[in-house]
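To start, the structure itself, in structure tokens.
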Amino acid sequence: MTVTPDRPAPSAAASSEPTITDRFVEANRVYAQTFRDGGMDARPVQKVTVVACMDARLDLFAALGLDLGDAHIIRNAGGVVTDDTIRSLTISQRALGTRSVVLIHHTGCGLLGLTEDFRRELELEVGQRPQWAVESFVDLDGDVRQSMTRVRTSPFLLHKDDVRGFVFDVHTGLLREIA
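Just so we're aligned, residue 7 is where the sequence shown starts under this note's numbering, counting upward by one.
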């Protein structure tokens, strides 16, 4: 494959140590002991949807000053606007009342420079070509503009007046708006 992780993958050998999922389940048990249903609605309080990269370095709630229940958050590789993103945005707007869309890409993204060769290599490895595009890019600002255009031109979305795009700098934590 074209992409390799920065850290070595855990051994596939059987182990008596709990898996990460086991640790999540245990953490959830602890969480549930003090959990209280706040009576929140599924409709975001701030009437905004944020589309961002899935990169683990982006803490969107902290970076944007959001609280639980404030926004819909849609994350995918690169934060690109795909057909599935449009599906989620359409449901967010038409069924759940959001009106604004904020797009956030970031510096140091794994999709920068990745090519469609990734799909071809995957097809050779598993014997089936993925039905999805990689959506890689070489121009970060250009890709933010492309995502804004995809939102603004979608016939399914009701609210396209407040669509803004940004690049998050993973070294400074600052957003830079893309016009």
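Backbone N, C-alpha and C fix where the C-beta goes; we use that ideal spot for every residue, glycine too.
- By the Cβ rule, the region 166-175 counts as touching the region 95-114, because three or more pairs are nearer than 8 Å.
- In the structure shown, the three-state DSSP call for residue 141 is coil.
- Of the residues assessed, residue 50 falls on the buried side of the cut-off, its CB having 16 or more other CB atoms within 10 angstroms.
- Contact annotation: the region 62-81 does not touch the region 120-135, with fewer than three C-beta pairs closer than 8 Å.
- The DSSP assignment places complete alpha helix (DSSP H) segments of no fewer than 4 residues inside the region 80-165 at 89-100, 123-132, 146-159, in order along the chain.
- Residue pairing from DSSP places residue 58 in a beta bridge opposite 81, 110.
- One thing to note: residue 141 has its Cβ within 7 Å of the Cβ of residue 84.
- Straight through space, the alpha carbons of residue 47 and residue 75 are spaced by roughly 8 Å.
- Annotation for residue 169: the continuous beta strand (DSSP E) segment containing it runs 168-174.
- Note on the region 29-73: whole beta strand (DSSP E) runs with a minimum of 3 residues are 54-59, in chain order.
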